[in-house]
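Peer 1: So the number in the working numbering is just where the residue sits in the sequence shown, counting from 1, plus 6.
The beta carbon of each residue, even a glycine, is placed where N, CA and C say it ideally should be.
One structure follows; several queries about it will come next.
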Amino acid sequence: QVQLVESGGGLVQPGGSLRLSCVASGSTFSIYAMGWYRQAPGKQRELVATITSGSTTKIADSVQGRFTVSRVNAKNTVNLQMNSLKPEDTAVYYCVGGDPPKYWGQGTQVTVSS
Numbered sequence: 007q008v009q010l011v012e013s014g015g016g017l018v019q020p021g022g023s024l025r026l027s028c029v030a031s032g033s034t035f036s037i038y039a040m041g042w043y044r045q046a047p048g049k050q051r052e053l054v055a056t057i058t059s060g061s062t063t064k065i066a067d068s069v070q071g072r073f074t075v076s077r078v079n080a081k082n083t084v085n086l087q088m089n090s091l092k093p094e095d096t097a098v099y100y101c102v103g104g105d106p107p108k109y110w111g112q113g114t115q116v117t118v119s120s
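And the structure:
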């Protein structure tokens, strides 16, 4: 089993930045890709960004150029740097392990509002 624990969500004004982090523990050898999904109120969960252990990334068009995903393999950590945030980025952000996701974190709320 793999446990994923997110941190770094919160309230930010439009145009601001936030950094999310996720640490994986347990049978982490089974994880090849890690990343982030999000779910806004009334909408389906959607991919935000993923990154393989070899640092190949996949970024959603809606956040391309604003969000950056990175990982530190030795620390089983994946980060999401979010810049130029917009109100439509408001959602619960989930850390995931695997692509397609096999493991999910509990989620962290990101609210973009003035």
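By Cβ distance, which residues of its chain are closer than 8 Å to ASN79, with the 5 residues on each side in sequence left out?
Peer 2: The residues are SER59.
Peer 1: Whole angstroms are fine: how far does the CA of GLY32 sit from the CA of GLN9?
Peer 2: Whole-angstrom Cα-Cα distance: 6 Å.
Peer 1: Can you check DSSP and say which residues form a bridge with GLY22?
Peer 2: In DSSP, GLY22 forms no bridge with anything.
Peer 1: Where does LYS64 fall in DSSP's three states?
Peer 2: The answer is strand: DSSP assigns LYS64 an E or B state.
Peer 1: Rounded to whole angstroms, what is the Cα-Cα separation between GLN50 and VAL116?
Peer 2: If you take the alpha carbons of GLN50 and VAL116, they lie about 16 Å apart.
Peer 1: Going by other Cβ atoms of all chains shown within 10 Å of its Cβ, with 16 needed for buried, is PRO107 buried or exposed?
Peer 2: So PRO107 ends up on the buried side.
Peer 1: Thinking C-beta only, is GLN87 closer than 8 Å to THR96?
Peer 2: Not closer than 8 Å, so no.
Peer 1: In whole angstroms, give me the CA-to-CA distance for VAL11 and GLY48.
Peer 2: Spanning the two alpha carbons is a distance of roughly 24 Å.
Peer 1: State the Cα-Cα distance for the pair SER37 and GLY21, rounded to the nearest angstrom.
Peer 2: The residue asked about is misnamed: residue 37 is Ile in this sequence, not Ser. Taking the straight line joining both Cα atoms gives about 33 Å.
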